Structures are given as C-alpha cells and as structure tokens.
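Student: Start counting the sequence shown at 1; every next residue gets the next number (the numbering used here).
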Amino acid sequence: MSQSLLYHAFGVREGYEYRSTKYVEGRVEFHLAVKDEDIECPHCQGREYWRRGKRQRRINTLPIGPKAVVLVVEVPKCECRACGRSFEHSPPLPPPTATTAAPWLDSSAS
Ligand SMILES: [Zn+2]
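(1) Is R51 near ligand 1 - that is, is its Cβ less than 8 Å away from at least one heavy atom of it?
(2) H43: beta carbon under 8 Å from a heavy atom of ligand 1?
(3) Enumerate, from N- to C-terminal direction, the unbroken beta strand (DSSP E) stretches of 3 or more residues contained entirely within the region 51 to 87.
(4) Counting only the same chain and skipping the five closest in sequence on each side, list residues whose C-beta sits under 8 Å from that of P91.
(5) Nearest by alpha-carbon distance to V28: which of H8, P63, Q56, R19 is it?
(6) How would you write the range of the beta strand (DSSP E) that V28 sits in, first residue to last?
(7) Anyone know if the C-beta pair for V69 and R57 falls short of 9 Å?
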C-alpha cells in the first residue's frame, strides 16, 4: 500500500503522512499522522509547542471492493509555548471522492 494511493484514491494530501495499514475484522485501516513541521498555534501562529498527548479520529471513507476502509488519524494535542493556550492540530481531510471521478487531480498533479 502506498501513500500515492491514499493521495489519489482518498484525497489524503498535505499535512499528513502515511504510517501503516492494518487489516482488522474485514476492514482496512490506513493509519495517518500529522506532519510535525506543519503544526502551528491557531491563536498566535507560534511554531514552538509542547506535546500534551493525542487522540484518534476515525473517518469512514470509500470501500475497496467489499472491504470497508477507515482512515485512522492521529491528532496531536499541543500547548503553545508562546501564548500558553492549548490546541489540537487537525488539518482538514477532503471528503472521499469516487475513484472514477477525481477532479482534485487537476490541482495536485505531483
Ligand atoms: Zn500560541
């Protein structure tokens, strides 16, 4: 399983990196993590922060054949060193797009 497939079939793009694929009870789970270098305080745009744990988002997306597909996204909880406020970093994931129609390919040819 490649990151390229995630990009092109499921619209997973900037801000996330692919970690692993797990096969669980007939489901396929793609595990993703936010790229550290993209984390920024939404209150003051500070780039220095402490990690304060994380949580998981589970997003159902398009099935592959008969198998359900779930994106499992690790969302870091952070505390800004500059302003002291807490925030989560969770870049938006686009809605799943049918593999037969991929209009977003036009703008992400790389
Ligand atoms: Zn801040």
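A virtual CB, placed ideally from N, CA and C, is assigned to each residue, including glycine. The model shown is predicted, which means the values in this text are computed figures rather than measured ones.
Tutor: Walking through what the data contain:
(1) no
(2) yes
(3) 67 to 80
(4) E14, G15, Y16, V34, D38
(5) P63
(6) 27 to 34
(7) no
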